[in-house]
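Under the working numbering, the first residue of the sequence shown carries the number 1317, and numbering increases by one thereafter.
Cβ atoms here follow ideal geometry from the backbone N, Cα and C, with glycine treated the same way.
Bear in mind the structure is a predicted one, so any value in this text is a computation, not a measurement.
First up is the structure itself, then whatever we jot down about it.
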Amino acid sequence: MYGLWGFERLKLKMMVVMLLMLVLSLFEQNMSFSSPLNSEGLALLRFKQRVVSDPFSALSNWKEIDGEIDPCSWFGVECSDEKVVILNLKDLCLVGNLGPEFGKLENLKSIILRNNSFSGSIPQEIGELKELELLDLGFNNFSGPFPSDFGNNFSLTTLLLDNNEFLGNLAPEIYEVKMLSEFQVDENRLTDAATIPSCKTSGFPW
């Protein structure tokens, strides 16, 4: 009887250990799914869904592979300490619009979408990115009001909005950053304009 009881106790202990291992595994998977990098990758995939034309297949490697999302390996994306800090998709003739998912990219320091054909309004969420230092949306088809929250963004040092549709009135401090930025890059822009064809169109191709 004692041997049988001891065997049953051993089985019970093994079952408890296996259950704990299962719970720990599920916890680790959940932590991985909710990690900042994974959240940023999902936000970028939502942005990709808004791109209706990608003539150079620049975003072809923006995808989930074997259940893993690694935006740091994607074209145009740069990371630091496993956080997305730069999005550089200039001169790609992308057509689409921007959405609120940019608010999930809270570590972004640079957004460079120059010389594409994005249209619509600039999402309010971009104005809430407190780490953003450089925003270059020149040579697109953006219109509508400029996000008011940019007036509270003290990290922004470079703002380029040239060659877009009417963007409404800018707060004085943002207007000053915009004018200074355009003055500083004017010479380089004139040089680039002679060699890079414009992607700017009248809007969506339909």
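- By the Cβ neighbour-count rule, S1464 is exposed, with fewer than 16 other Cβ atoms within 10 Å of its own.
- For G1412, the uninterrupted beta strand (DSSP E) run begins and ends at 1411 to 1413, by DSSP.
- Here the alpha carbon of E1444 sits roughly 25 Å from the alpha carbon of F1391.
- With a cutoff of 8 Å on beta-carbon distance, L1453 and L1424 are scored as not near each other.
- Within the same chain, and ignoring the five residues on either side of N1456 in sequence, the residues whose Cβ sits closer than 6 Å to its Cβ are N1432, F1434, N1480.
- Counting only runs of 3+ residues, the beta strand (DSSP E) found wholly inside the stretch 1437 to 1483 occupies 1450 to 1452, 1474 to 1476, in chain order.
- Here F1363 carries a helix assignment [DSSP, helix/strand/coil].
- Buried is the label assigned to F1462, since at least 16 other Cβ atoms lie within 10 Å of its Cβ.
- Under the three-state reduction of DSSP output, L1403 falls in the strand class.
- About 14 Å separates the beta carbon of P1439 from that of L1477, a gap too long to meet the 8 Å contact definition.
- By alpha-carbon distance to F1363, the top candidate from S1396, L1403, P1371 is L1403.
- Annotation: the continuous beta strand (DSSP E) that includes S1426 extends over 1426 to 1428.
- Between F1418 and E1441 the beta-carbon gap is near 5 Å, inside 8 Å, which marks them as a contact.
- Between I1385 and L1358, the beta carbon gap of about 7 Å places them in contact (Cβ cut-off 8 Å).
- In the structure shown, C1388 falls within a helical segment according to DSSP collapsed to helix, strand and coil.
- According to the DSSP secondary-structure assignment, I1381 is paired through a beta bridge with E1384.
- When L1410, G1484, K1446, L1451 are compared, the shortest CA-CA separation from D1370 is found for L1410.
- For a cut-off of 8 Å, the C-beta gap from E1449 to L1486 is around 18 Å, too long to register as a contact.
- Short of 6 Å from the beta carbon of L1375, and not among the five residues preceding or following it, lie these beta carbons of its own chain, in chain order: K1364.
- Per DSSP, C1515 lies in no beta strand (DSSP E) and is assigned neither H nor E.
- Between the alpha carbons of L1360 and M1330 lies a gap of roughly 43 Å.
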